[in-house]
Structures are given as C-alpha cells and as structure tokens.
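Protein chains in written order, with the working numbering: chain A, 88 to 199; chain B, -16 to 96. In what follows, a single structure is set out as structure tokens and then discussed.
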Amino acid sequence: DQQVKQNSPSLSVQEGRISILNCDYTNSMFDYFLWYKKYPAEGPTFLISISSIKDKNEDGRFTVFLNKSAKHLSLHIVPSQPGDSAVYFCAASAGGNEKLTFGTGTRLTIIP
Amino acid sequence: KAGVTQTPRYLIKTRGQQVTLSCSPISGHRSVSWYQQTPGQGLQFLFEYFSETQRNKGNFPGRFSGRQFSNSRSEMNVSTLELGDSALYLCASSQDSFNNEQFFGPGTRLTVL
C-alpha cells in the first residue's frame, strides 16, 4: 500500500522555466512533509519541508505547497537550472518519532 | 563536520549468504535509520535506532536486522540473502526525531547473484 505517491516517474523542463513536481498521500495522520533531491551515486539531500499548519513554505528558488483537503503537495522550482536535474522524493511522517514514508521519486531533467 | 559514512560502498554476494553493512552517523546525531532503495519502489523504510534501541520498524522480514552501538554507529545485517535483496541500502542520521532533517550517506550497493 503506497501511502505516498509520485505519479510522474519523469519530467523534462526547459532551463529558466518553472518545474512543478507533485506528490499525493493517503494517510490523514501525516502532518509533516519533506522533499529530498538525489543525484546518482549520492544519498538523498534534504531540500525543503512543510508542516500541516502551513500551506506554503519558500526557500529561495524552491517553494512547497500543501493542500490538506486534497492530500496533495507540490514542489515548485523557479527558475529551473541544469543543476536541478536529479531524482526528487517527497516524504511524509505522522510527526514526532514516526517514521518517514517516501514516494517512488520523480526524475527531473532540465533541458539547456 | 564529517557527513554520514557507509561501508562498504559496493558488495557482491551469492544467494544464501549473509551480509553486514555499517553506518557512521554525523557526530552528535543519535538517530540512525536504514532504507532500501530499488528501482520503482522508492525508499522503503527498514528500521530506526535511537540510543541503541530500535524505535521504529518497517515491513521487512526478520532476515533484516540491525543494531546500534553506544557511539551511535549502526550495523545492518541481512541473512540468507535472496536475489530480490539486491538494492541500494541507505543510512540516514538525525539529531533525535524524524522531524529533524535526516542526513543520508552515499549508500551501499548490494548485488546478490
């Protein structure tokens, strides 16, 4: 049972445009959400997070939006740069010491 | 500050053997988690250790086990290896809870022949 779903395995975006990565979840107990980026041969690195008391969090070119009623979150990257090409994982937890549940990832390719 | 280190980076084993993977967390981090990454499955949570105690466990068979030492270093053991155990095994550390940022190591690529 995949509680966190990233339905797009891959996404290609022109350099300078906006990249939008989507993530859906089914567990209504999830209240903390994170995005990780992974380059080949490296472990994932933390990008940005959001708690359920907010609907938006920004960090530079990265913004995460949370729609609790739709159980949907998205990561916006503006403007997209070639170095953003990587696999992006969303993750969720029910808070505190509850484990992180990861999605299957979306491979983002930025076209120069 | 040194990052999370995992040894070995690559490992080839045959079916039926057992394997032990090691993870050294960032200094001061007390929580160590293990994940299995396979194509199309994302990161599957194996277990988490905190202060030498298993605090969380995923849905993996008992062939997968782990432990944590007093210095927070952790080991993961897989017994009676199966072909399907071929994967990238990632270790992550955080200061105390999952809501703290987790820092991942580069992983150990295990191939079972």
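Just so it is clear, CB atoms sit at the ideal spot from N, CA and C, and this is done for glycine as well.
Taking its Cβ as the centre, do 16 or more other Cβ atoms sit within 10 Å of MET116 of chain A, making it buried, or is it exposed? MET116 of chain A is exposed by the Cβ-count criterion.
Check the Cβ-Cβ distances between ALA128 of chain A and every residue of chain B, and say whether any is below 8 Å. Closer than 8 Å to some Cβ of chain B, the Cβ of ALA128 of chain A qualifies, so yes.
Take every Cβ of the stretch 96 to 112 of chain A, pair it with every Cβ of the stretch 159 to 178 of chain A, and state whether three or more of those distances are shorter than 8 Å. Short answer: they touch.
For GLY(-1) of chain B, which residues in chain A fall below 8 Å Cβ to Cβ? At a beta-carbon threshold of 8 Å, none of the residues of chain A lie near GLY(-1) of chain B; the nearest stands roughly 29 Å away.
At the 8 Å Cβ level, is GLY143 of chain B part of the contact set with chain A, yes or no? For chain B, the structure presents residues -16 to 96; residue 143 of chain B sits outside this window and is missing.
Give the residues from the stretch 11 to 43 of chain B that approach chain A closer than 8 Å (Cβ to any Cβ), ordered along the chain. Listed by position along the chain: SER16, TYR18, GLY23, GLN24, GLY25, LEU26, GLN27, PHE28, GLU31, PHE33, ARG38, ASN39, GLY41.
Excluding the five sequence neighbours on either side, which residues of its own chain have a C-beta within less than 8 Å of the C-beta of ILE9 of chain B, listed in chain order? Around ILE9 of chain B: LYS(-16), ALA(-15), GLY(-14), VAL(-13), SER76, PHE86.
Sub-8 Å separation of PRO131 of chain A and TYR119 of chain A beta-carbons: The beta carbons of PRO131 of chain A and TYR119 of chain A sit no closer together than 8 Å.
Taking a cut of 7 Å between CB atoms, which residues from the stretch 162 to 187 of chain A lie near chain B? Contact residues of the stretch 162 to 187 of chain A toward chain B are PHE176, SER180, GLY182, GLY183, ASN184, GLU185, LYS186, LEU187 (C-beta to C-beta distance below 7 Å).
Counting contacts by CB-CB distance shorter than 8 Å, is GLY147 of chain A in contact with chain B? Using a CB distance cut-off of 8 Å, GLY147 of chain A does not count as an interface residue toward chain B.
Between the beta-carbon of GLU31 of chain B and the beta-carbon of VAL15 of chain B, is there less than 8 Å? Result yes, Cβ atoms of GLU31 of chain B and VAL15 of chain B sit closer than 8 Å.
Against chain B, which members of the stretch 88 to 117 of chain A pass a CB distance test of less than 7 Å? Those would be none; no residue qualifies.
Rounded straight-line distance, which links the Cα of VAL100 of chain A to that of GLN78 of chain B: Each residue's Cα considered, the two are about 36 Å apart.
Ends of the beta strand (DSSP E) at ALA128 of chain A? Unbroken run through ALA128 of chain A: none, as it is neither H nor E.
Starting from the C-beta of PRO89 of chain B, find all residues in its chain whose C-beta is less than 7 Å away, skip the five residues before and the five after it, and write them out in chain order. Result list for PRO89 of chain B: GLN(-11), ARG(-8), in chain order.
Which chain B residues are close to THR150 of chain A, counting only those with a beta carbon under 8 Å from its beta carbon? Chain-ordered listing is empty here: chain B has no CB closer than 8 Å to the CB of THR150 of chain A, the nearest sitting near 18 Å.
At which residues does the beta strand (DSSP E) containing ALA(-15) of chain B begin and terminate? For ALA(-15) of chain B, no beta strand (DSSP E) run applies, since DSSP gives it neither H nor E.
By the three-class DSSP mapping on this structure, what secondary structure does LEU66 of chain B have? It is helical.
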